[in-house]
Amino acid sequence: KLHSDLDKGVGSVKYTLSGDGAGTVFTIDETTGDIHAIRSLDREEKPFYTLRAQAVDVDTKKPLEPESEFIIKVQDINDNEPKFLDGPYVASVPEMSPVGAYVLQVKATDADDPTYGNSARVVYSILQGQPYFSIDPKTGIIRTALPNMDREVKEQYQVLIQAKDMGGQLGGLAGTTTVNITLTDVNDNPPRFPKSIFHLKVPETSHVGSAIGRIRAVDPDFGKNAEIEYNIVPGDGGNLFDITTDEYTQEGVIKLKKPLDFETKKAYTFKVEASNLHLDHRFHSVGPFKDTATVKINVLDMDEPPVFSKPMYTMEVYEDTPVGTIIGAVTAQDLDAGSSSVRYFMDWKNDVDSYFTIDATEGTIATNELLDRESTAQYNFSIIASKVSNPLLTSKVNVIINVLDVNEFPPEISVPYETSVCENAKPGQVIQTITAADKDLSPAGQRFSFKLSSEASNKPNFTVHDYRNNTAGIEARRNGYSRRQQELYFLPIVIEDSSYPVQSSTNTLTIRVCRCDSDGTIQSCNVEAIFLPVGLSTGALIAILLCIVILLVIVVLYVALRRQKKKDTLMTSKEDIRDNVIHYDDEGGGEEDTQAFDIGALRNPKVIEDNKIRRDIKPDTLRFTRHRPPAEDNTDIRDFINQRLKENDVDPSAPPYDSLATYAYEGNGSVAESLSSIDSLNTEADQDYDYLSDWGPRFKILADMFGEENYNPDKVT
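Quick note: the sequence shown, position 535, residue 535 per the UniProt record's numbering, numbers continuous.
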């Protein structure tokens with residue numbers, strides 16, 4: 001309520017209100033000054049309002065007192081319940097956790113004024129989820145309430161949490177939320193086999209490495225805590241089998257390590273152990289985390305292919321052995337109870353297999369063609385054995401036949417076949433060491449012996465010294481050799497091998513006599529060098545050759561410079577762009593030839609004017625200057641030149657440098673008059689043209705036209 005001391009209660013004072021909410025939230029009685037709220041107030045929306053009031057005279061409308069300001073504060077009441085802004089919640093806790101293990105903390109907010117009363121004081125409680133979990137009423141922390149909660153018994157829990165204001169007293173407002181709690185797995189359970197004995201039946205034909213059966217241990221844990229490792233306990237039959245873990249199904253897969261044979265052993269028994277890979281030390285007291293089961297395997301009898309006595313056969317045969325010779329045999333037998341007969345045949349794959357044959361019943365292998373070790377030293381093929389009772393059951397074995405060498409090739413001298421000896425060689429000097437090679441292959445290695453042939457032993461020029469290590473030295477037996485007397489020597493050498501039968505060959509070694517220095521270095525072996533003067537040394541020969549080469553180079557350079565100078569002179573005269581004289585290297589066909597060129601172009605100024613060719617461009621043909629007699633006071637030529645000069649001055653395509661432009665125009669009234677022979681008939685009749693007949697066939701037409709007998713001036717046009 002507003003009241004002014006000047007208000008006498010006679011209605012002379014009027015009260016006005018302005019500010020926050022004036023007229024919309026609050027109104028004032030203009031006569032009494034009572035202030036009323038015209039709608040409900042919400043502290044959470046606006047906690048206070050600032051208003052201004054004034055008293056004015058009703059008649060004069062003037063303020064009776066200064067304007068006053070006051071604040072209306074909205075008093076809070078408990079009209080908002082607590083709310084869980086982050087709910088619903090999801091949490092997890094490991095199974096087998098102790099009592100009081102932390103799970104989650106929840107929080108509720110109340111919009112009421114926390115400074116006024118208990119409207120915003122919240123208390124937490126569990127409405128659903130006991131006795132497994134508990135909550136702190138003040139902090140909202142959820143903890144486990146029971147020990148050893150087992151995930152394998154119950155994994156999911158839903159807890160209903162309530163938050164109530166007014167400190168939880170009667171009349172307070174409440175809000176709820178749900179918390180979904182999951183028990184996470186720990187390895188608290190060992191693997192267990194559902195039965196103690198597993199029976200498996202395996203065919204004896206099972207391949208090594210193939211899976212022959214599966215067993216499984218059960219672990220109620222989850223994830224990596226349920227991963228199981230299987231092992232075979234050492235014992236009876238365990239070395240024939242292996243076991244691995246299927247990572248998807250956690251089953252134990254039993255595989256075969258060695259082949260089974262029903263006829264040898266019909267059953268196997270061994271134990272398999274299953275254990276966890278990831279152990280939890282907290283549960284070691286529970287007991288060992290592994291289990292054991294017995295596996296019994298019964299081998300089933302199957303119809304098997306025959307079995308060879310060896311995994312591979314190796315045989316040997318000498319080359320050139322007669323066709324049909326037996327070189328060995330393979331043996332296979334049926335190990336089944338029926339013991340069927342066996343048949344043998346070759347596995348044909350290539351033409352090499354045709355060199356041998358096999359007896360289908362006995363399994364003996366014989367040669368089918370002559371063998372050559374130098375062509376093929378080893379043969380590799382396969383033999384197939386099949387049962388007569390069941391031909392589809394076959395087995396295969398590899399056979400290797402080594403061809404043994406027979407000494408059939410004589411040894412030969414290795415390179416070089418030619419050597420040299422110095423003219424100043426001394427007796428006993430070794431001039432060459434030679435070796436030998438043999439195409440035959442001896443198991444113990446070849447041994448060669450060297451000697452001179454019988455016809456060469458009587459000649460004292462050279463001898464052969466056998467070093468007994470498959471090499472020999474050629475030694476000189478004379479004190480010096482002369483190329484003038486004999487340039488080449490041919491030394492026959494006999495080489496024998498040590499195999500049986502002994503093979504030998506005679507090889508001729510060519511020895512060339514060469515000129516050497518005092519150190520034995522060869523200087524020349526050419527035949528031409530024999531005829532050089534004895535007193536002329538090698539250095540002098542080199543100096544003479546060098547002088548000859550220098551003289552030849554000087555002559556070549558001189559000739560090249562002369563040609564280049566002559567070429568430059570011709571090019572300078574030909575490429576002079578100022579030379580405008582055209583040289584016509586064409587004899588033509590005489591005056592009757594009117595197709596060579598248009599003579600009128602030389603006389604008609606219009607033709608010259610239309611032909612605006614650049615005069616500073618190099619012409620295609622040679623031009624030679626022709627001297628004309630000077631013309632005096634010829635205005636026609638002067639005007640013509642002036643006209644062309646003006647045209648060149650204004651021509652934008654003219655070159656940016658001085659150039660000489662000449663014009664082949666004689667003008668009218670030339671002092672030299674016409675040079676044509678067309679108008680000179682009177683004078684030509686007095687001339688003698690008989691000499692034209694002596695000039696040859698090219699001038700025959702002119703000789704016929706201007707000869708004394710056939711010349712007629714009236715026919716000339």
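Glycine included, each C-beta is placed from N, C-alpha and C at the ideal position.
Asked, Found
"Inter-residue Cα distance where the pair is D57 and V13", "5 Å"
"Nearest-angstrom beta carbon gap, Y89 and T177 [assumed within contact, 8 Å]", "7 Å"
"Residues that DSSP places opposite P63 in a beta bridge", "V56"
"Delimiting residues of the alpha helix (DSSP H) encompassing Q643", "635-650"
"Nearest to L491 (by Cα), restricted to the options L452, I181, Q523, T31", "L452"
"Candidates D185, V202, G209, K46, of which the one nearest D219 by Cα", "D185"
"Check whether F241 and I254 have beta carbons under 8 Å apart", "yes"
"DSSP-derived helix/strand/coil call for L51", "strand"
"Length-filtered (4 minimum) alpha helix (DSSP H) runs lying within the UniProt domain \"Cadherin\" (194-308)", "none"
"Backbone secondary structure at K565 - three-state DSSP", "helix"
"Length of the line joining the Cα atoms of P322 and S395", "30 Å"
"For T429, the nearest candidate out of N461, A217, F448 (CA to CA)", "Before going on, a small fix: residue 429 reads as Gln here, not Thr. Among N461, A217, F448, the Cα nearest to that of Q429 belongs to N461."
"Whole-angstrom C-beta distance between P259 and K387, which should lie under 8 Å", "The Cβ separation is near 18 Å, so there is no contact."
"Straight-line Cα distance separating I232 from N398", "36 Å"
"At least 3 beta-carbon pairs within less than 8 Å: the stretch 317-337 vs the stretch 205-224", "no"
"Cβ shell of Q250 (< 6 Å), same chain only, five flanking positions each side left out", "I228"
"Between the CA atoms of F283 and F270 - distance to the nearest angstrom", "30 Å"
"Euclidean distance between Cα positions of V464 and N470", "13 Å"
"Option nearest L2 by Cα separation, candidates S18, T27, T32", "T32"
"G480 versus C422: straight-line alpha-carbon distance, rounded", "8 Å"
"Collapsed DSSP secondary structure at C525 in the structure displayed", "coil"
"Straight-line gap, N507 to D405 (C-alpha atoms, nearest Å)", "24 Å"
"Paired residues, beta bridge with D466 - DSSP", "A472"
"Three-pair Cβ contact test at 8 Å for the stretch 499-516 versus the stretch 407-415", "yes"
"CB of S92 within 8 Å of CB of T182, strictly", "yes"
"Contact check, K140 vs Q105, beta carbons under 8 Å", "The sequence shown places Gly at residue 140, not Lys. Closer than 8 Å, so yes."
"Buried/exposed call for T60, threshold 16 Cβ in 10 Å", "exposed"
"Sequence-distant residues of the same chain with beta carbon closer than 6 Å to A163, five excluded per side", "P82, A108, V122, Y124, G175"
"Candidates E475, D636, I493, Q485: closest to E455 by CA position", "I493"
"DSSP bridge partner residues for V123 (one or two, in chain order)", "K164"
"Limits of the unbroken beta strand (DSSP E) element including A703", "Segment 700-706 is the alpha helix (DSSP H) holding A703; no beta strand (DSSP E) there."
"Contact belief for A332 with I365 at Cβ below 8 Å, rounded distance in angstroms", "The pair is not a contact, with the Cβ atoms about 13 Å apart (cut-off 8 Å)."
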